[in-house]
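**Student:** One structure follows; several queries about it will come next.
In my numbering, the protein residues as written are 187 to 285.
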């Protein structure tokens with residue numbers, strides 16, 4: 187298991203987001219890295235190297251950014267609201283009917 191973060195924003199973005207202009211921390215937030223707050227398996231470094239190789243493809247990076255923007259826009263449009271318990275039950279019933 188590996189929890190890998192990938193940050194592509196500018197130094198200024200991360201300084202604002204983090205609330206401090208600490209170059210060491212900002213550098214950790216940029217590019218692919220193992221999320222230091224998450225458990226990592228012994229395979230995590232190998233998986234990180236694989237992700238680093240995949241991220242050499244500019245088209246793939248553009249796709250990741252595009253999908254991130256689509257997801258973020260959808261969440262923002264909904265106000266970040268989770269469906270109520272009643273809504274979740276209704277969705278579950280609909281899924282069962284489709285099967």
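Glycine included, every Cβ here is placed at the ideal spot set by N, Cα and C.
At what residues does the beta strand (DSSP E) containing residue 220 begin and finish?
**Tutor:** For the purposes of this step, residue 220 is taken as residue 34 along the chain shown, with counting starting at 1. Unbroken beta strand (DSSP E) run through residue 220: 217-220.
**Student:** Can you give the Cα-Cα distance for residue 199 and residue 229, rounded to whole angstroms?
**Tutor:** Position 13 of the chain shown, counted from the start, is the residue given in the question as residue 199. Position 43 of the chain shown, counted from the start, is the residue given in the question as residue 229. The straight-line gap from Cα to Cα measures roughly 31 Å.
**Student:** Measuring alpha carbon to alpha carbon, tell me which of 209, 217, 256 and 263 ends up nearest residue 162.
**Tutor:** Nothing can be reported for residue 162, as the shown portion of the chain is limited to 187 through 285.
**Student:** Note down, in chain order, each residue of its chain lying with its Cβ closer than 6 Å to the Cβ of residue 140, except the 5 sequence neighbours on either side.
**Tutor:** Coverage of the chain is limited to positions 187 through 285, which leaves residue 140 absent and any answer about it impossible.
**Student:** Just the Cα atoms here: how many angstroms apart are residue 225 and residue 263?
**Tutor:** Here the question's residue 225 lines up with position 39 in the chain shown. Here the question's residue 263 lines up with position 77 in the chain shown. C-alpha separation (whole angstroms): 32 Å.
**Student:** Ordered along the chain, which non-local residues of its own chain (more than five positions away) have a Cβ less than 6 Å from that of residue 191?
**Tutor:** Looking up residue 191 in the chain shown gives position 5. Counting only Cβ-Cβ distances below 6 Å, and skipping sequence neighbours, we find 219 and 221.
**Student:** Return helix, strand or coil for residue 191, following the three-state DSSP convention.
**Tutor:** Locating residue 191 in the chain shown gives position 5, where the first residue counts as 1. DSSP places residue 191 in strand when its eight states are reduced to three.
**Student:** Among the residues of its own chain, which have a CB less than 6 Å from the CB of residue 207, if the five just before and after it don't count?
**Tutor:** Working through the chain shown from its first residue, we reach residue 207 at position 21. Excluding residues within five positions, the ones whose Cβ falls inside 6 Å are 201.
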